[in-house]
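> Attaching a single structure in structure tokens format; questions to follow.
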Amino acid sequence: MLEKEKVALRIQQIRSSSKQTPFLWKVLLDWNSIQFAIGLILILIAAVSPLFLKADYFLNILILTILYAYVGLAWNIVGGYAGLLLFGFIPFFGLGAYTTVILLNHYLISPWAGIFIGMIPAVLLALLIAFLTLRYGLKEDYFLLFTMAVMVVLSLVFSKLKIAGGAIGISISFVQSSFERMVFIERAPYLYISLVLLFLGLVVNFLVARSKLGRYLVAIRENEDGAKALGVNISLYKTYALLISAALNALAGGFYMVYTTFIDPLLVFGGPFNFELLIAPIIGGRGTVIGPILGAILNKPMVELVRGYFSISRAGTTLIIYGLFLMVFIIFLPRGVAGLLEPLYRRIRQRTIARLNVAQGTATIQSDTE
Amino acid sequence: MNVSILLQTLINGIFLGGVYALVAIGLTLVYGVMMIVNFAHADFLMLGLYLAYWSFVLAGIQPYIAMFIIIVIFFLIGILLQKVLIKPVLSAPVINQVLLTLGLSSFIVGLVQFFWRAEPRSLILPYSSNSIAIGDVVLNIPRLIAFVVSLVVALFLYQFLSHTKTGKAIRACSQSRRAAALMGINVNRIYMLVLGIGLALAGLAGALLSPNYPMSPTVGSTFSFTAFVIVVLGSMGNFMGAFFGAMIIGIAESFGGLLIGGELKQLVSMLIFIFVLLLRPGGLFGGKNA
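Protein chains in written order, with the working numbering: chain G, 4 to 373; chain F, 394 to 683.
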């Protein structure tokens, strides 16, 4: 025990003495920073991958993996840190996608702007949901059912909406490659756009994890009554989390629209896609910076390869994999892959610092505290 | 619009409500006793439909005989599920329980799609569309049978819960798991029983619907949502609430289909649902007393 306390003290000292300690030390001593660094490394690897991944088939899988990781990061704020049972997450994605394509097809507004404008309806919907549910403090399983009902209502509404192409769906006409319309023949530009998104998602998650907001959210998740008693405005912070997640997800929807060039209401407001998008953060680790990225890497490429192997004639393979993933992870590894890595990291840090302390002797610790 | 159309719509709604009631009672029983929101519940209705279909196509067994086999099989599946899947997450956060049952649901749907294909099928029997007419109102025989059986089963179950020793033990578990355990009730066994009954009811509903209901692997998701609407409407965990909620939703969907067209009839139950959640999140029938 004494040894442990010494180590904790030492970590505290290294952190607080901001001028003397090198940057690297501060990164290595902080789990969130480590996760952020791993995320950056993965982004770099993906960025150079076109050098050796030539086939469009594999690049497509890579881009989808990145997109899923990004949506996972977006959901992570509200579903991971805040722990809200926001199961119907896809409405924000769908609104982003529809805004982008309607603006392009009917008003000739470039997706470069349209993707960002798509955040507006998503945020408005998030505000509506927050207004309707959070002020009543709707019980968590009821909140989940409510968000699913929103999904169904939106899919019915959009299947009747003329400007959105109705039930048939809507597509971007693909004539020739054009930077302005965000239409490219090669896959590489899409890869870099998706990587920029992923970087954004990573940064937002990292900042939230370190900020007061993130701490409040975790406090609310772990003990709502306790947080309330300490004066945390629960509804307000949950709303913040919902807004951030909704806005980030709308960007993903806009990108998905220009990348796949076709959507219909049953896809972008439908259960199966929604379900798919939530797998990554859940198996990767909810409420961690790196979790959604690890989760996406773990499931998306495998699912695509299996689906390719069984071809279209055998539907259901993805559902079987997702189902197994969910059941196995919830029973054996409920905190996901990142939840497995964190204790490992802490043990290594403990051991390293302890060894350093022995090397430096206890005298330094005492002189530092003075 | 004349009276006979309205009457016909009402009858259709009540018949639909009868089958909904079977699904919803199982769901609300599982929720009320075990506090588990089971998203895979309605997928067992889908499995019931398919089992009735296959037992007729492969072995020539009539659905009304197959339903007894289905009840037994599903009861055993329920016991197994409680042992393998539900028990480890009983005291986990709600989100984990929800994700687990969602995973189970996705797994079942995936397996059915994989082995039996995603295309819709229907079971066509000589009596599928037989009906009797009372005045201007036409009663479809299979739907009538489904309604009567649902009613009988619901009444039987109600009597079981309120008068037998096991039924009282189940209600004790729903009030407090710990207190029930301290009184010498084997909670784990009660949970197995409850999940078994719940799934058997869903499977029975599937078998009863099979003579004239088109089946596809995703049919569970439509029923799942309706069942949740009913259960919330009738207050989660309330047996009679689920029954009357089912009638309300059945009739509302039936009239919704008449007024705004079949494809939008889901919107009716969805709007009822949203309003109930927002205005009376405790449901119309209050409290939980299974």
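The beta-carbon is built from N, C-alpha and C at its ideal position, and this holds for glycine as well. Remember, it's a predicted structure, so these values are computed and weren't measured experimentally.
(1) Note down, in chain order, every chain G residue with its Cβ under 8 Å from the Cβ of L493/F.
(2) Would you give the residue range spanned by the alpha helix (DSSP H) that S614/F belongs to?
(3) By a C-beta neighbour count over all protein chains shown, 10 Å radius and 16 as the cutoff for buried, is F55/G buried or exposed?
(4) Taking the alpha carbon of F182/G as the reference point, which residue from A50/G, V207/G, S113/G and F209/G has its own alpha carbon closest?
(5) Could you tell me which uninterrupted alpha helix (DSSP H) segments, each at least 4 residues in length, are contained entirely in the stretch 519-598 of chain F, listed from first to last along the chain?
(6) Identify every run of the alpha helix (DSSP H) within the stretch 59-86 of chain G, keeping only runs that are complete inside it and at least 4 residues long; order them along the chain.
(7) Can you name the residues of chain F whose CB is closer than 8 Å to the CB of V211/G?
(8) Which residues does DSSP list as the beta-bridge partners of S181/G?
(9) Could you name the residues of chain G that F666/F contacts, counting a contact when the two beta carbons are closer than 7 Å?
(10) By the criterion of Cβ-Cβ separation under 8 Å, what are the contact partners of F278/G in chain F?
(11) In terms of residue numbering, what span does the alpha helix (DSSP H) encompassing N257/G cover?
(12) I need the straight-line Cα distance from T68/G to G97/G, nearest angstrom please.
(13) Can you list, in chain order, the residues of its chain with a C-beta nearer than 7 Å to that of F616/F? Leave out the 5 residues immediately preceding and following it.
(14) State yes or no: is the C-beta of L297/G within less than 8 Å of the C-beta of G311/G?
(15) Here's a check: name, in chain order, each residue in its chain whose Cβ is nearer than 6 Å to the Cβ of G121/G, leaving out the five neighbours to either side.
(16) Looking at C-alpha atoms only, which residue of G528/F, L532/F and R514/F is the closest neighbour of S522/F?
(17) Would you call the stretch 401-413 of chain F in contact with the stretch 629-644 of chain F, where contact means no fewer than 3 C-beta pairs closer than 8 Å?
(18) Rounded to whole angstroms, what is the Cα-Cα separation between T150/G and F90/G?
(19) Chain G partners of M663/F, CB-CB under 7 Å?
(20) Beta carbon of G425/F, beta carbon of A595/F: below 8 Å?
(21) Is the stretch 570-577 of chain F close to the stretch 442-456 of chain F, with three or more CB pairs under 8 Å?
(22) In angstroms, rounded to a whole number, what distance separates the CA positions of I351/G and Y219/G?
(23) Whole angstroms is fine: what's the gap from G75/G's alpha carbon to G82/G's?
(24) Going along the chain, which residues of the stretch 471-494 of chain F sit with their C-beta nearer than 7 Å to a C-beta in chain G?
(25) Output needed for N63/G: all residues of its chain with C-beta closer than 7 Å, excluding positions within five of it in sequence on either side, in chain order.
(26) Does the Cβ-Cβ distance between F540/F and F648/F come in under 8 Å?
(27) In whole angstroms, give me the CA-to-CA distance for L626/F and Q490/F.
(28) Rounded to whole angstroms, what is the Cα-Cα separation between I196/G and I44/G?
(29) Which same chain residues end up closer than 8 Å to L399/F when comparing Cβ atoms and leaving out the 5 residues on each side of it in sequence?
(30) For I407/F, which of helix, strand or coil comes out of DSSP?
(31) I247/G: which of G274/G, D59/G and N208/G sits nearest, CA to CA?
(32) Check each residue of the stretch 508-522 of chain F: if its Cβ is closer than 7 Å to any Cβ of chain G, include it; give the result in chain order.
(33) Identify the continuous alpha helix (DSSP H) that holds E227/G and give its terminal residues.
(34) Shorter than 8 Å from the beta carbon of V502/F to some beta carbon of chain C?
(35) Check whether the Cβ atoms of P607/F and V502/F lie closer than 8 Å to each other.
(36) Taking only runs of the alpha helix (DSSP H) that begin and end inside the stretch 111-146 of chain G, which ones reach a length of at least 4 residues, in chain order?
If we stick to the structure as given:
(1) On the second sequence, position 100 is the one that residue 493/F refers to. Simply L329, M330, I333 and I334.
(2) Taking the first residue of the second sequence as 1, we reach residue 614/F at position 221. That run of the alpha helix (DSSP H) goes V612 to L626.
(3) Start at 1 with the first residue of the first sequence, and residue 55/G comes out as number 52. Exposed, since its Cβ has fewer than 16 Cβ neighbours within 10 Å.
(4) Locating residue 182/G in the first sequence gives position 179, counting from the first residue. Closest option to F182/G, judged by alpha-carbon separation, among A50/G, V207/G, S113/G and F209/G: S113/G.
(5) The qualifying runs are 534-556, 558-568 and 570-575.
(6) If we require 4 residues or more, the alpha helix (DSSP H) runs fully inside the stretch 59-86 of chain G come out as 59-78.
(7) For the purposes of this step, residue 211/G is taken as the residue at position 208 of the first sequence. In chain order: nothing, as chain F lies at least about 19 Å away.
(8) Along the first sequence, read from residue 1 onward, the residue named residue 181/G stands at position 178. Here S181/G is bridged, per DSSP, to V186/G.
(9) Against the second sequence, residue 666/F aligns to sequence position 273. Residues of chain G whose Cβ lies closer than 7 Å to the Cβ of F666/F are, in chain order, A152.
(10) Your numbering for residue 278/G matches position 275 in the first sequence. What F278/G touches in chain F: L495 and S499.
(11) Stepping through the first sequence from its first residue, residue 257/G is reached at position 254. It is worth fixing the name first, because residue 257/G is Gly in this sequence and not Asn. That run of the alpha helix (DSSP H) goes I237 to T263.
(12) Position 65 of the first sequence holds residue 68/G. Position 94 of the first sequence holds residue 97/G. The alpha-carbon atoms of T68/G and G97/G are separated by roughly 18 Å.
(13) For the purposes of this step, residue 616/F is taken as residue 223 along the second sequence, with counting starting at 1. Result list for F616/F: V416, A435 and L438, in chain order.
(14) Taking the first sequence and counting its residues from 1, the one referred to as residue 297/G is at position 294. Taking the first sequence and counting its residues from 1, the one referred to as residue 311/G is at position 308. Cβ atoms of L297/G and G311/G: not closer than 8 Å.
(15) The residue you call residue 121/G lines up with position 118 of the first sequence. Cβ neighbours of G121/G beyond the five flanking positions: G99, T102, T103, A253 and G257.
(16) Residue numbering aside, residue 522/F sits at position 129 when the second sequence is read from its first letter. Comparing Cα positions, the closest option is L532/F.
(17) Segments in contact, yes.
(18) Walking along the first sequence from the start, residue 150/G turns up at place 147. Walking along the first sequence from the start, residue 90/G turns up at place 87. Straight-line spacing of the CA atoms in T150/G and F90/G works out to 6 Å.
(19) Start at 1 with the first residue of the second sequence, and residue 663/F comes out as number 270. The contacting residues are A152, V155 and V156.
(20) Here residue 425/F refers to the residue found at position 32 when the second sequence is read from its first residue. Here residue 595/F refers to the residue found at position 202 when the second sequence is read from its first residue. Going by C-beta atoms, G425/F is not nearer than 8 Å to A595/F.
(21) With a cut-off of 8 Å, the stretch 442-456 of chain F and the stretch 570-577 of chain F do not count as touching, because too few Cβ pairs lie within range.
(22) If you number the first sequence from 1, residue 351/G lands on position 348. If you number the first sequence from 1, residue 219/G lands on position 216. Straight-line measurement puts the Cα of Y219/G at about 28 Å from the Cα of I351/G.
(23) Here residue 75/G refers to the residue found at position 72 of the first sequence. Here residue 82/G refers to the residue found at position 79 of the first sequence. C-alpha separation (whole angstroms): 9 Å.
(24) Here the close residues are L478, P481, V482, A485, V487, I488, N489, V491, L492 and L493.
(25) Start at 1 with the first residue of the first sequence, and residue 63/G comes out as number 60. So the qualifying residues of the chain are R190.
(26) By one-based count along the second sequence, residue 540/F stands at place 147. By one-based count along the second sequence, residue 648/F stands at place 255. No, the pair does not count as a contact, with Cβ atoms beyond the cut-off.
(27) Position 233 of the second sequence, counted from the first residue, corresponds to residue 626/F. Position 97 of the second sequence, counted from the first residue, corresponds to residue 490/F. Distance from the CA of L626/F to the CA of Q490/F, rounded to the nearest whole angstrom, comes to 22 Å.
(28) In the first sequence, the residue the question calls residue 196/G occupies position 193. In the first sequence, the residue the question calls residue 44/G occupies position 41. Near 17 Å, if we compare the C-alpha coordinates of I44/G and I196/G.
(29) In the second sequence, the residue the question calls residue 399/F occupies position 6. Result list for L399/F: empty, nothing under 8 Å.
(30) On the second sequence, position 14 is the one that residue 407/F refers to. Here I407/F sits in helix by DSSP.
(31) Along the first sequence, one-based indexing puts residue 247/G at 244. Ranking G274/G, D59/G and N208/G by Cα distance to I247/G puts N208/G first.
(32) Taking 7 Å as the Cβ-Cβ cut-off against chain G, the residues of the stretch 508-522 of chain F that qualify are A511.
(33) Position 224 of the first sequence, counted from the start, is the residue given in the question as residue 227/G. Boundaries of the alpha helix (DSSP H) harbouring E227/G: E227 to A232, taken from the DSSP string.
(34) As a matter of chain content, chain C is missing from the structure shown, whose protein chains are G and F.
(35) Taking the second sequence and counting its residues from 1, one reaches residue 607/F at position 214. Taking the second sequence and counting its residues from 1, one reaches residue 502/F at position 109. Taking 8 Å as the Cβ cut-off, P607/F and V502/F do not qualify as a contacting pair.
(36) Taken in chain order, the complete alpha helix (DSSP H) segments of 4 or more residues contained in the stretch 111-146 of chain G are 114-120 and 122-136.
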